[in-house]
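Residue numbers (the numbering used here): 144 to 682.
Idealized CB from N, CA, C, for every residue including glycine.
Heads up: the structure comes next, in structure tokens.
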């Protein structure tokens, strides 16, 4: 199992544990204390039942917006158990991939497993949402009709019993299946369904489940493409398209207990599908603005086609960055942003791209764009966590007047309990943005948030921020309540205690017998990091 845990840690430290929540400090521990972490994971594997009972996963869940009125439930798994689960799933990923519709058939484009054990990338990059759409466009031009649909509440409704049966069909010899199911049962509590959203382990397991539906579609002779929970079905007639839709709906419900989203299920002609494709155009329900601005419409489409992914660890990172900058210079990002901000509702996909692209434009437009983003929280509500994250990444390079304006506005939203910040995920990112600037007003605001919230992730980040600001009085008082803190908060306070001089040292000596194995690893890591000149506690 060692090699699978090694690859799990490599992936987590390169890409994070989810694509929704901020990067937790424990992931740095996994990176810096790699050998010790692997030893801990091997100990969990060899003594699984005992370790699961002694220190069960402490997971964090929160609502995340997907539209102006729609939400989904997302979960960040306890860091050490996330690494363990991913390692166990990786140990059977070759078996899962071998059972799936072959990637060479260009049918299923989501999360095709990368067998290169030396790569931090778990999935082949050439199979993605874009290749799914490109293949769909080709088929739409040769077939008369297209059904577009996706599964309702996909991850939250995945059935554990059906997953367990699918794992048994792999014919595995070890105990991986039972360990996976025990962890998922811990995640879902008394429910026998649901998997955490946002991590690679859940993605790999979900593909195993949906492979049954893919196989049934192929046996029926239905032409289709799939990416995750999105299906495109193709037929030469409307009647055939409708029959395909009925077949898919029936098989999903009978075999997986899943249903299609009614509001997103459509039958259209191939020409209509091509005309409304997100690669070159907007969807019918979420149209890129083009009225009176053909140049902006073309630039919007060009931006949507462009991948903003940049890997700083690539051997060609410098050249890749310059190529990306060169492509973005052909697009007036600031003009696109202004066009979105005058609407009553933004185009969500396009706006996300614009927000990400702000990082690549220069002053003074960058500061003006950042302030426009921060102060239009109601309009940008569905993507405001993206806004807060991008602004935090740019914070240190922004001029002081812009930073002051950002702080003032975010504090106002938090203190006024704005409905935008009322969503826990947005408040979590707002706290991380306020953490960029030390000062009495921010300290008072975070103190109020800490007392008012029950979110362990937000409280963790505030503990780390107070430590970064060396708020001794606050930390010394919190020390009295250490035993009442959640595991996530406890680990943060262990790190924070190193800013408390002798008081922290004496406290750690006193509390040492009560620390779990992972907490002890965090303590050792923090002790080593705090001795490095210039090291600042990250948030």
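*asked:* Alpha carbons only, please: which of 562, 660, 673 is nearest the one belonging to residue 642?
replied: 673
*Are three or more beta carbon pairs between the segment 395-414 and the segment 310-319 nearer than 8 angstroms?*
no
_Extent of the continuous beta strand (DSSP E) run through residue 674_ = Unbroken run through residue 674: none, as it is neither H nor E.
*Three-state class that DSSP yields for residue 302 in the structure shown*: strand
*Are residue 229 and residue 343 closer than 9 angstroms when you measure CB to CB?*
yes
*Could you tell me whether any Cβ in chain B is nearer than 9 angstroms to the Cβ of residue 591?*
Among the protein chains of the structure shown there is no chain B, as only one such chain exists.
*How many Å lie between residue 656 and residue 602 at the Cα?*
24 angstroms
*Identify whether residue 653 lies in helix, strand or coil by the three-state DSSP scheme.*
helix
*How many angstroms separate the CA atom of residue 337 from the CA atom of residue 302?*
6 angstroms
*Spatial neighbours of residue 639 in its chain, beta-carbon cut-off 6 angstroms, leaving aside the 5 residues before and after*: 606, 610, 618
_Quick test of your reading: residue 313 and residue 323, contact by CB under 8 angstroms. State the CB separation rounded to the nearest angstrom._
The Cβ separation is near 11 angstroms, so there is no contact.
*State buried or exposed for residue 349, treating a residue as buried only when at least 16 other CB atoms are found within 10 Å of its CB.*
buried
*Can you tell me whether residue 304 is buried or exposed, with buried defined as 16 or more other CB within 10 angstroms of its CB?*
exposed
*Pairwise C-alpha distance: residue 162 and residue 566*: 17 angstroms
*Expressed to the nearest angstrom, what Euclidean distance is found between the alpha-carbon atoms of residue 534 and residue 527?*
10 angstroms
*Note down, in chain order, each residue of its chain lying with its Cβ closer than 7 angstroms to the Cβ of residue 629, except the 5 sequence neighbours on either side.*
201, 599
*Measure the C-alpha to C-alpha separation of residue 265 and residue 176 and round it to an integer number of angstroms.*
22 angstroms
_Taking the beta carbon of residue 396 as the centre, do at least 16 other beta carbons fall within 10 Å, making it buried, or is it exposed?_
exposed
*Quick one: grab the DSSP three-state call for residue 284.*
helix
_Counting C-beta neighbours from all protein chains within 10 Å, is the total for residue 466 16 or more, i.e. buried, or is it exposed?_
exposed
_Rounded Cβ spacing between residue 682 and residue 620 (contact assumed at less than 8 angstroms)_ = Between residue 620 and residue 682 the Cβ distance is about 20 angstroms, and since that is not below 8 angstroms, they are no contact.
*Counting only the same chain and skipping the five closest in sequence on each side, list residues whose C-beta sits under 8 angstroms from that of residue 398.*
305, 355, 356, 359
_Spatial neighbours of residue 372 within its chain, please: C-beta separation below 7 angstroms, excluding the five flanking residues on both sides._
293, 294, 297
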